[in-house]
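Trainee:
Have a look at this one:
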């Protein structure tokens, strides 16, 4: 090794350092310091190469705060948007200051409204306790009180915000009033749950992409007649719905459904869940809940408070259900599904789709336009003889036959979970297989499906996924997903599910919830069988412990029919029977919540940016991240070290520290399978 030229002659000479690889001569302390610095920098850059795609959180945070930028979601799920704070605030206030839809309230008035809501929720809970035994046993009264603040604590107000409609020119805003933690939200959730069976049974309502194309796959169009596609968009559907009329319509539909599903009254009507007597009580609870959950809606923006004057709000739990049934009322009234010239009609919330027999476009458009009308709402209609976009598909005519294929909306950047993400491997695999299922539904022929899968595979390869792994996933699942694209999963029996809640962690790759459930439930079943005969065992391998008569379990509110009789020392005892509530037949699954990610941090930074006033961010609760200053000497050493690293082999660099090596076997769904990366 060549000798280093002395830089600091005043420093004492140091002895040489010897290793198995040779002798390193260090002339002075200055050179030692430089060598150590270079070593640290080299190691730091190696670490950076390992995490090349990890976001630099401090830099992003500082950039957002320094420039008053915020990160938000966009309408139509078109990805993330970075916007100026003042622009966001200005557009949100423009929405709130529209006197046709909102009115500003003093804080004291807003407090009185929220206090009134709280009292109504408490009264509703008492009604359940006093008048409906079965709803009380289901815990509905406790649920109604779940968001009621404790004595002395303040009310939670829904925080108004808007999300940009980047697909519109100029960019619009969709108002959101999130009521998930507000005192009256349990009432809206109860209404939503009660309306689900009615919505499911309404034929004009489309329940999603799979439901739509399942229906279209069974549709037979008369090829001898001329037919057209007609689509409609209800303009600003939620805020334009007349709220009082909507509540009246929905209550009437719910009352009719309750009466049709009620059991005949007997002398023991009060102990039958669906007796007419109990259903009339439930109807009264429903009517009060729908009033509490959807009227006098208060929202907060900064230090100002507003009341929504008209329509429904996006962010209330039952708004989609009320809007769906409001539209369905007029569709049923128009008898559109019985019209001889309408081959198909359906609506997904505010988007309408029809296939119409007519001699011309104008006649097809006029037929639907004159038939479908919602009170208080404007519907913009369009007609085409060749094809149209609806939901996330393009529906078109080819050789006189109906076809459809996937459609990517303008502005959609097609984000996918990248390979370098720390998501567990089985989650990435599940996302890919889910894409296969989605595309199978969105393709009318196998040729279109194969083309869509080629595009999907290319997209995943662009996101860094190993080609062999993607192709293995594809080959194993493509045919099955096509064959089962319209299949509905039907349980062999009334199957319940027991969910083990946790977070993303590699340990779950080696864990089978089904095996755990089998081990636990088989033991419980064996215990009940032996306990009924009075047979117990102290065997350490499988102990069947005799119950302690002095032990008080937490199950002190069990209905008599849910107990079972066992023998203890020849005497009869009664214990709660888990077999009678279906727990022993439950399917056990693991639900993994994702860990904190960059978008969670972006939401925190958004609040920080909104709290910032000029240059006193620290005084207002914000945080200015400290960044390391890099001087010119350090920068030069960094560049030199980078050049040294660039000649090293990339084979030793692992980009994804949480992923298992491609040279090893990897776990999938709780079992070990062969690696697909080789």
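In my numbering, the protein residues as written are 13 to 690.
Beta carbons: idealized from backbone N, C-alpha and C, even for Gly.
If you're wondering where the values come from, they're calculated on a predicted model, not measured in any experiment.
Measuring straight from C-alpha to C-alpha, what distance separates residue 285 and residue 136?
Mentor: So the two alpha carbons sit approximately 19 Å from each other.
Trainee: Please name the residue in 465, 359 and 463 whose C-alpha comes closest to that of residue 244.
Mentor: The candidate whose alpha carbon is nearest that of residue 244 is 359.
Trainee: Can you tell which of 437, 317 and 301 has its C-alpha closest to the C-alpha of residue 522?
Mentor: Comparing Cα-Cα distances from residue 522 to each of 437, 317 and 301, the minimum goes to 437.
Trainee: Quick one: residues in its chain with C-beta nearer than 6 Å to the C-beta of residue 319, no 5 flanking neighbours on either side, listed in chain order?
Mentor: These residues qualify, in order along the chain: 115, 117 and 310.
Trainee: If I follow the unbroken alpha helix (DSSP H) through residue 589, where does it start and stop?
Mentor: Looking at the DSSP string, residue 589 is not in any alpha helix (DSSP H), and its letter there is neither H nor E.
Trainee: Looking at the unbroken beta strand (DSSP E) that takes in residue 364, where does it start and where does it end?
Mentor: Counting along the chain, the beta strand (DSSP E) containing residue 364 begins and ends at 363-369.
Trainee: Once DSSP output is grouped into helix, strand and coil, what is the label at residue 465?
Mentor: Correct three-state label for residue 465: helix.
Trainee: Put residue 631 into one of helix, strand or coil per three-state DSSP.
Mentor: Legend: pLDDT at residue 631 = 49, less than 50; position of this residue unreliable, no value from coordinates given.
Trainee: Assign residue 459 to buried or exposed, taking buried as 16 or more other Cβ atoms, counted over all protein chains shown, within 10 Å of its Cβ.
Mentor: Classification of residue 459: exposed, given that the 10 Å Cβ count is below 16.
Trainee: Which same chain residues end up closer than 7 Å to residue 298 when comparing Cβ atoms and leaving out the 5 residues on each side of it in sequence?
Mentor: Once the five neighbours on either side are set aside, the close Cβ partners of residue 298 are 203, 206 and 266.
Trainee: Since residue 700 is in the alpha helix (DSSP H), which residue starts that stretch and which ends it?
Mentor: Outside the modelled stretch of the chain, which goes from 13 to 690, sits residue 700, for which no answer is possible.
Trainee: Please state whether DSSP places residue 538 in a helix, a strand or coil.
Mentor: Of the three classes helix, strand and coil, the one that applies to residue 538 here is helix, per DSSP.
Trainee: Could you check whether the segment 120-134 touches the segment 184-200, counting it as contact only if at least three pairs of C-beta atoms, one from each stretch, sit closer than 8 Å?
Mentor: Output reads yes: the segment 184-200 touches the segment 120-134.
Trainee: Would you verify that the beta carbon of residue 575 is, or is not, closer than 8 Å to some beta carbon of chain B?
Mentor: Protein chain content of the structure displayed is limited to a single chain, and chain B is not contained in it.
Trainee: Helix, strand or coil, according to DSSP, for residue 187 in the structure here?
Mentor: Reduced to three states, the DSSP call for residue 187 is strand.
Trainee: Taking the CB atoms as reference points, tell me whether residue 113 and residue 321 lie closer together than 8 Å.
Mentor: Yes, the Cβ-Cβ distance between residue 113 and residue 321 is below 8 Å.
Trainee: Does DSSP put residue 377 in a helix, a strand or coil?
Mentor: Residue 377: helix per DSSP, three-state reduction.
Trainee: Could you pull out every unbroken beta strand (DSSP E) segment of at least 3 residues lying fully inside the segment 96-124, listed in chain order?
Mentor: With a minimum length of 3 residues, the continuous beta strand (DSSP E) runs that stay inside the segment 96-124 are 114-117.
Trainee: Assuming residue 467 contacts residue 254 (C-beta within less than 8 Å), just tell me the rounded distance between them.
Mentor: Their Cβ separation, rounded to whole angstroms, is 44 Å, which puts residue 467 and residue 254 out of contact at 8 Å.
Trainee: Quick check on residue 608: buried or exposed, where buried means 16 or more other Cβ atoms within 10 Å of its Cβ?
Mentor: Exposed: under 16 other Cβ atoms inside 10 Å.
Trainee: Just to confirm, is the Cβ distance from residue 356 to residue 367 under 8 Å?
Mentor: Against a cut-off of 8 Å, the Cβ pair of residue 367 and residue 356 comes out as a contact.
Trainee: Among 184, 147 and 470, which residue has its Cα nearest to the Cα of residue 106?
Mentor: Nearest of 184, 147 and 470 to residue 106, Cα basis: 184.
Trainee: For residue 474, count neighbouring C-beta atoms within 10 Å of its own C-beta (all shown protein chains included) and say buried if the count is 16 or more, exposed if not.
Mentor: With fewer than 16 Cβ atoms within 10 Å of its Cβ, residue 474 is classed as exposed.
Trainee: Using only alpha-carbon positions, find the residue among 171, 572, 421 and 477 that is nearest to residue 440.
Mentor: Taking only the C-alpha atoms, the option nearest residue 440 is 477.
Trainee: I need the DSSP call for residue 81, collapsed to helix, strand or coil.
Mentor: In this structure, residue 81 counts as strand in the three-state DSSP scheme.
Trainee: If I'm right that residue 420 touches residue 426 with Cβ under 8 Å, what's the distance once you round it to whole angstroms?
Mentor: Correct: roughly 7 Å between the Cβ atoms.
Trainee: Which same chain residues, not among the five before or five after residue 389, have their C-beta less than 6 Å away from its C-beta?
Mentor: Cβ within range, chain order: 246 and 252.
Trainee: Rounding to the nearest angstrom, what Cα-Cα distance links residue 80 and residue 96 in this structure?
Mentor: So the alpha carbons of these two residues sit roughly 6 Å apart.
Trainee: Who pairs with residue 509 in a beta bridge, going by DSSP?
Mentor: The partner list for residue 509 (beta bridge, DSSP) reads 599.
Trainee: Looking at residue 211 and the ligand COA, is the gap between the Cβ and the nearest heavy atom below 7 Å?
Mentor: Although the ligand COA was asked about, the structure shown includes no ligands whatsoever.
Trainee: Do you know offhand how far residue 542's Cα is from residue 490's?
Mentor: Looking at the two C-alpha atoms, the distance is approximately 48 Å.
Trainee: Grab me the residues of residue 515's own chain with a C-beta within less than 7 Å of its C-beta, minus the 5 sequence neighbours each way, in chain order.
Mentor: Cβ within range, chain order: 604, 605 and 607.
Trainee: Does DSSP classify residue 403 as helix, strand or coil?
Mentor: Reduced to three states, the DSSP call for residue 403 is coil.
Trainee: When the Cα atoms are used, what is the spatial distance from residue 269 to residue 210?
Mentor: Straight-line Cα distance between these residues: approximately 7 Å.
Trainee: Between the segment 299-307 and the segment 165-173, do three or more beta carbon pairs fall short of 8 Å?
Mentor: Contact fails: fewer than three Cβ-Cβ distances are below 8 Å.
Trainee: Counting only runs of 3+ residues fully inside the segment 164-241, write out the beta strand (DSSP E) ranges in chain order.
Mentor: Fully enclosed beta strand (DSSP E) runs of 3 or longer: 173-177 and 184-188.
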